[in-house]
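Notes to accompany the following structure.
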Amino acid sequence: MDAVLARAWVAGIASAVRDRADELTRLDAAIGDGDHGVNLRRGFDAVVAALEAAETPAAGDVLVKTGTTLVSKVGGASGPLYGSAFRAMGKALRQESSVARALEAALEAVQKLGKAAPGDKTMVDALAPAVEAYSAASDDAARAARAAAAAAADGMRATIPLQARKGRASYLGARSVGHQDPGATSTALIFAALAAVTGPDSGR
Amino acid sequence: MDAVLARAWVAGIASAVRDRADELTRLDAAIGDGDHGVNLRRGFDAVVAALEAAETPAAGDVLVKTGTTLVSKVGGASGPLYGSAFRAMGKALRQESSVARALEAALEAVQKLGKAAPGDKTMVDALAPAVEAYSAASDDAARAARAAAAAAADGMRATIPLQARKGRASYLGARSVGHQDPGATSTALIFAALAAVTGPDSGR
Amino acid sequence: MKKFVNDPADVVREALAGVAAAHPDLRVDLAEQFVVRADAPRTGKVGLVSGGGSGHEPLHAGFVGPGMLDAACPGEVFTSPVPDQILAATKAVDGGAGVVHVVKNYTGDVMNFQLAAELAADEGIRIETVLVDDDVAVEDSTWTAGRRGTGATLLVEKIAGALAEEGAPLADVAAVGRRVNELSASFAVALTACTTPAAGRPGFELPDDEIEVGVGIHGEPGRSRQKLRPAKEIAALVTEPILTAEPIASGEPVIVLVNGLGATPLMELYVMFGEIARLLDAAGVRIARSLVGDYVTSLDMAGMSLTVCRVDDELLRLWDAPVRTPGLRWGM
Amino acid sequence: MKKFVNDPADVVREALAGVAAAHPDLRVDLAEQFVVRADAPRTGKVGLVSGGGSGHEPLHAGFVGPGMLDAACPGEVFTSPVPDQILAATKAVDGGAGVVHVVKNYTGDVMNFQLAAELAADEGIRIETVLVDDDVAVEDSTWTAGRRGTGATLLVEKIAGALAEEGAPLADVAAVGRRVNELSASFAVALTACTTPAAGRPGFELPDDEIEVGVGIHGEPGRSRQKLRPAKEIAALVTEPILTAEPIASGEPVIVLVNGLGATPLMELYVMFGEIARLLDAAGVRIARSLVGDYVTSLDMAGMSLTVCRVDDELLRLWDAPVRTPGLRWGM
Ligand SMILES: Nc1ncnc2c1ncn2[C@@H]1O[C@H](COP(=O)(O)OP(=O)(O)O)[C@@H](O)[C@H]1O
Ligand SMILES: Nc1ncnc2c1ncn2[C@@H]1O[C@H](COP(=O)(O)OP(=O)(O)O)[C@@H](O)[C@H]1O
Ligand SMILES: [Mg+2]
Ligand SMILES: [Mg+2]
Ligand SMILES: [Mg+2]
Ligand SMILES: [Mg+2]
Chain A
1 MDAVLARAWV AGIASAVRDR ADELTRLDAA IGDGDHGVNL RRGFDAVVAA
51 LEAAETPAAG DVLVKTGTTL VSKVGGASGP LYGSAFRAMG KALRQESSVA
101 RALEAALEAV QKLGKAAPGD KTMVDALAPA VEAYSAASDD AARAARAAAA
151 AAADGMRATI PLQARKGRAS YLGARSVGHQ DPGATSTALI FAALAAVTGP
201 DSGR
Chain B
1 MDAVLARAWV AGIASAVRDR ADELTRLDAA IGDGDHGVNL RRGFDAVVAA
51 LEAAETPAAG DVLVKTGTTL VSKVGGASGP LYGSAFRAMG KALRQESSVA
101 RALEAALEAV QKLGKAAPGD KTMVDALAPA VEAYSAASDD AARAARAAAA
151 AAADGMRATI PLQARKGRAS YLGARSVGHQ DPGATSTALI FAALAAVTGP
201 DSGR
Chain C
1 MKKFVNDPAD VVREALAGVA AAHPDLRVDL AEQFVVRADA PRTGKVGLVS
51 GGGSGHEPLH AGFVGPGMLD AACPGEVFTS PVPDQILAAT KAVDGGAGVV
101 HVVKNYTGDV MNFQLAAELA ADEGIRIETV LVDDDVAVED STWTAGRRGT
151 GATLLVEKIA GALAEEGAPL ADVAAVGRRV NELSASFAVA LTACTTPAAG
201 RPGFELPDDE IEVGVGIHGE PGRSRQKLRP AKEIAALVTE PILTAEPIAS
251 GEPVIVLVNG LGATPLMELY VMFGEIARLL DAAGVRIARS LVGDYVTSLD
301 MAGMSLTVCR VDDELLRLWD APVRTPGLRW GM
Chain D
1 MKKFVNDPAD VVREALAGVA AAHPDLRVDL AEQFVVRADA PRTGKVGLVS
51 GGGSGHEPLH AGFVGPGMLD AACPGEVFTS PVPDQILAAT KAVDGGAGVV
101 HVVKNYTGDV MNFQLAAELA ADEGIRIETV LVDDDVAVED STWTAGRRGT
151 GATLLVEKIA GALAEEGAPL ADVAAVGRRV NELSASFAVA LTACTTPAAG
201 RPGFELPDDE IEVGVGIHGE PGRSRQKLRP AKEIAALVTE PILTAEPIAS
251 GEPVIVLVNG LGATPLMELY VMFGEIARLL DAAGVRIARS LVGDYVTSLD
301 MAGMSLTVCR VDDELLRLWD APVRTPGLRW GM
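Chains as they are written, first to last, in the UniProt record's numbering: chain A, 1 to 204; chain B, 1 to 204; chain C, 1 to 332; chain D, 1 to 332.
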């Protein structure tokens, strides 16, 4: 992944977040506090502005900048989690070029900070299978991104029957069952954006 | 008017107030604070209870008791006004037997306390013509009561186009126009109750 | 209707029982329905009594205590108290130096306090009445009931209460109360109607994009209905009539009360305070003291009122004097 | 949506501008978005910093001042503050004796404060974190996010603030804060949903005859939806889980907070206080101190929460110590 692709990815996320902010907020209103879309829109709008102003020669720089901006602009649960994820990814890409390893670093960062396991009804339920699917297909970046996006979407839908154990939705106990997790939904959106910008001939 | 008739009148008012409390409250909500029916129901329920417990050999005693009970149970504007009216009426009947003169005393008490003139969009707009109509026909109690009831009803309806100058409705300025005054409505109800209990053969 | 009530007819009495349980330094007479300082009557001290319909809490019972009211008589919801109540409270606080009645200018309050004052005078208690009529949304005229009493009531009670606490004589306490009223002006807007427990439904219907301008504190409609607009413009709507009604000299100090009507979040009141402070500043008015919060409410009405009171050093001194009540407290 | 706002995206910043205008004894950093005592940092005094999403006013910015918080960091509405903000506030109050972070137990708050604490530690500031998790509507479990922090936050901030004001060392201030949290339990019910300025519509739909039981302070639905019932029964609904969770010995003194969630009239809170006092009394619990009012709110939600905190003489002494903040003030 080069800086151009990284920027395209982040731009794709930002525009998808803007388009679907209301949906994310509505999902969050059902089992949380109704601000997930607002939070991410505020965050990614700030990221777009920050990247316009910043020198980011490499993909790692783009993603670190994205992460630090999210941490300092979003707040809530998703700010530190997505912020750490992008920062970890960027730092990993500064070390070695493997997107698969970068995604693994992101998952690790999210789990270290948030302590959620798969099945807790959080973004991890979309992130973990997406990272796994990407790694399994990582010899072809486009195919890997598509597989990750599909796995994230599956993981997102699989949150519906779960009872939340982490995040605000956990306060609802059994009433959290039957609702799709907003964070898993935004994670699926992030991987859909990755698949969209990773053409068959994009570099890994 | 004897004690039996006075009690019947007050009982008639109490039951009419109970039946029409919601309507009075609704009228008051439009241009006041929406409690006129609640106030009068609380007051006349207390009057009924007080009269049950009290020795009231004469009509004057019944009406004085009614007045003092209203003063001490109703509050608001209508409490002191109706309370003073009934008290003045009762005191007048203790002096001489003329119902017409008693009603005049009531009007005088209301105007002394509330300082409203006809046309101010208050209970005076029903009370003043009712008292006048009663006096004009006072040689026949039943006819006088019917005339008073009709005049009160006319006065009540005539409040609709008026702009209030006294009471809470005055705060609305021009917006008070087009609404019937709640106090004039309860006054009409009081005279309707008088007409209902004053049969052609009741004493004056 | 969704309220924390048992029988709506009992709500005032039950709330008073709660006041009694929560505030051991107040005495609540549940039979006569009034709230009084536990140490009343205080010999030689002018008593300060107020009252009015319930539904405006913390006004008035929440302002009973050292440095403010000696007693409060809460009537039924939005219904002025009855003379018996007012008389009982007056007698409970009379320490021989006379009693000041602080009365908001509503026909019902005025008449009931008048009847009570006559009864108290019959019992040999000297009474002075301070009538509060600060709401400039209503035109002042001798032909009408005149202006309503709203937010300035708090200032009158605080400042007259401080002077009474110092041991000032009856005439002085009444005079300072009247002076505060004369120097004050208020204006309110509502975003929603309120619901009385007895009625069980909102007093009026207001479309989602309209506000009531120039409302009182009894859930009544205002002087006009206007379009909803940004906070900035609503701030102008409430500030301008006050600046028009009240001739404030440039640099003159004022106390500003930005008051919530019951259901408006404090966050929004602060937004309004910020906008109003900017407007007052532009008009050369100096905000010497301020209060932001729910003080003179209208049950669950969403809305706010602005009260501006011109002050001098003496009034500021009395404002700053210690006060210890459930609703207003500092210095002790 | 009917609110006193300009652009909903600016509401927190504009409210802070209002706080700055209304409270000259507070300093508001509008760029970094925090509120701090004007006299901060105080050399040798442990700093007390809290923060969380906005929409709970007066919590937390309204509790900044002598005897309580040194600084507060308000996040966006219902969104925890960001680490930069918390770090800036922490640095602004650090007088060399370390800083205590009072954090309500929400994933977002916990993580953002954790990141800030790491950054502060990097700059050589000693940080202790007091996690508040008093809401017994939520089961306590190591498998979940655990209980929420709600009403007890006020008690933690007041009592830890009093000890910090006395000059106690970092470990002691943190310890007393943790102790207050451990001795506290809360439970809330909502009659209506609230509306965030950004969303512009209520968070959930609640039929006219239903209430949400076991809600938090972020407009979220509760643990269960039940039928509306009289105040008496709702009082039992909130009191019983607390008495179950908290083993209160007979005659043991407690502080009771009956807290409005934003749109509930004070009159109704007093009705609830009366009912709750009766229940506590029947359970042998002694109400040593109480507070009734809007302290930890959820925008314009109609509803209430009960917090009960077991206390001893030392905690009562610290509770009674002077405090001077916009939202809580006595003794000074
Ligand atoms: N401990 C956690 N680990 C991973 N993800 C979490 C955790 N807690 C919450 N989340 C995710 O965060 C999302 C909510 O984000 P957001 O609404 O922006 O923050 P907040 O809950 O603070 O309002 C949830 O839908 C969930 O996917
Ligand atoms: N000054 C007055 N003189 C005569 N009647 C008045 C006066 N002020 C008000 N009223 C009457 O009182 C009625 C309202 O009574 P009520 O609703 O019980 O009291 P309140 O206005 O205090 O709520 C009005 O409709 C009007 O007829
Ligand atoms: Mg959320
Ligand atoms: Mg009325
Ligand atoms: Mg009334
Ligand atoms: Mg949030």
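Think of the CB as a built atom: it goes at the ideal place given N, C-alpha and C, for glycine as much as any other residue.
Here the structure is a predicted model, which means the values were calculated and not measured.
Query raised in the report: Given a limit of 7 Å on CB to CB distance, which residues of the segment 133-146 of chain C reach chain B?
Result: V138, W143, T144 and A145
Query raised in the report: Got a sec: which bits of the segment 72-95 of chain C sit with their beta carbon under 9 Å from any beta carbon on chain B, in order along the chain?
Result: G75, E76, V77, F78, T79, S80, P81, V82, P83, D84 and Q85
Requested in this report: Step through the CB atoms of chain C and report whether any lies within less than 9 Å of the CB of D:N181.
Outcome: no
Query - Bounding residues of the beta strand (DSSP E) (the contiguous stretch that carries C:M304) - result: G303 to R310
Report task. Determine the extent of the alpha helix (DSSP H) in which B:L93 is found, giving its start and end residues. Result -> S78 to Q95
Report task. Go ahead and pull the three-state DSSP assignment for D:D29. Result -> strand
Query raised in the report: Got a sec: does ligand 6 put a non-hydrogen atom nearer than 8 Å to the Cβ of B:R41?
Result: no
**Report entry** Close Cβ partners of C:V77 (< 8 Å) along its chain, the five nearest in sequence each way excluded
**Finding:** V11, V12, G53, S54, G55, T196, P197, A198 and L299
Query raised in the report: Taking 9 Å as the CB-CB limit, is B:D33 close to chain C?
Result: yes
Query raised in the report: Beta-carbon of B:R42 versus every beta-carbon of chain C: anything under 9 Å?
Result: yes
Query raised in the report: In the structure shown, what three-state DSSP assignment does A:I47 receive?
Result: A quick correction: the sequence has Val, not Ile, at residue 47 of chain A. Helix at A:V47.
Query raised in the report: Would you call the CB atoms of A:T187 and A:M123 closer than 9 Å?
Result: yes
Query raised in the report: What three-state label does DSSP hand A:V4 in the structure shown?
Result: helix
Report task. With distances taken Cα to Cα, identify the nearest neighbour of C:W143 among B:G173, B:A128, B:V131 and B:A150. Result -> B:G173
Query raised in the report: Along chain D, in chain order, which residues have C-beta atoms closer than 7 Å to that of A:A77?
Result: T107, G108 and M111
Requested in this report: Would you please verify whether the beta carbon of D:S184 is less than 9 Å from any beta carbon of chain A?
Outcome: no
Query - Within chain B, partners of C:R13 - CB distance below 9 Å - result: Result: empty, since nearest Cβ-Cβ is about 13 Å, beyond 9 Å.
Query raised in the report: Grouping DSSP H, G and I as helix and E and B as strand, with all else coil, what is A:K73?
Result: helix
**Report entry** Residue environment, D:G200, which counts as buried when at least 16 other CB atoms sit within 10 Å
**Finding:** exposed
Query raised in the report: Residues in its own chain within less than 8 Å of residue 378 of chain C by CB, not counting five upstream and five downstream?
Result: With chain C covering 1 to 332 only, the question about residue 378 of chain C has no answer from this structure.
Query raised in the report: At what residue ranges does the segment 64-110 of chain C contain a whole run of the alpha helix (DSSP H), taking only runs of 4 or more?
Result: 83-93
Query raised in the report: Short check: CB of D:V215 to CB of D:P207, under 9 Å?
Result: no
Query raised in the report: For the beta strand (DSSP E) that C:G18 lies in, which residues bound it at each end?
Result: Where C:G18 is concerned, there is no enclosing beta strand (DSSP E), although the alpha helix (DSSP H) it sits in stretches over V11 to A22.
Query raised in the report: In chain D, which residues lie with their C-beta within 9 Å of the C-beta of A:S186?
Result: Ordered by position in chain D, no residue passes the 9 Å Cβ test against A:S186, which lies about 14 Å from the chain.
Query raised in the report: In terms of DSSP beta bridges, what is D:W330 paired with?
Result: D:V323
Report task. For D:P202, write down the residues that DSSP places opposite it in a beta bridge. Result -> D:T195
Query raised in the report: When you check each C-beta in the segment 212-238 of chain C against every C-beta of chain B, which residues fall closer than 7 Å?
Result: G216, H218, G219, E220, P221 and R223
Query raised in the report: Given that a residue counts as buried once 16 or more other Cβ atoms are within 10 Å of its Cβ, and exposed if not, what is B:R168?
Result: buried
Requested in this report: Helix, strand or coil for A:G203, going by three-state DSSP, please let me know.
Outcome: For A:G203, the predicted model reports a pLDDT of 46, less than 50, meaning its position is unreliable and no value from the coordinates is stated.
Query - Residues of the segment 262-273 of chain C whose Cβ lies closer than 8 Å to any Cβ of chain D, in chain order - result: G262, A263, T264, P265, L266, M267, E268, L269, Y270, V271, M272 and F273
Query raised in the report: Just to confirm, are D:A89 and D:P326 a CB contact at a threshold of 9 Å?
Result: no
Query raised in the report: For A:Q111, does the three-state DSSP call read helix, strand or coil?
Result: helix
**Report entry** Neighbouring residues, chain D, relative to A:V165 (Cβ below 9 Å)
**Finding:** Before going further, note that residue 165 of chain A is Arg rather than Val in the sequence given. The contacting residues are S141, W143, T144 and A145.
**Report entry** Residues passing the C-beta test against ligand 5 heavy atoms, cut-off 5 Å
**Finding:** B:D33, B:D35, B:G76, C:F78 and C:T79
Query raised in the report: Excluding the five sequence neighbours on either side, which residues of its own chain have a C-beta within less than 7 Å of the C-beta of D:A116, listed in chain order?
Result: P83, I86, L87 and T90
Report task. Give the C-beta separation of D:V138 and D:V93 to the nearest angstrom, bearing in mind that I take them to be a contact with Cβ-Cβ under 8 Å. Result -> D:V138 to D:V93, Cβ: 31 Å. No contact.
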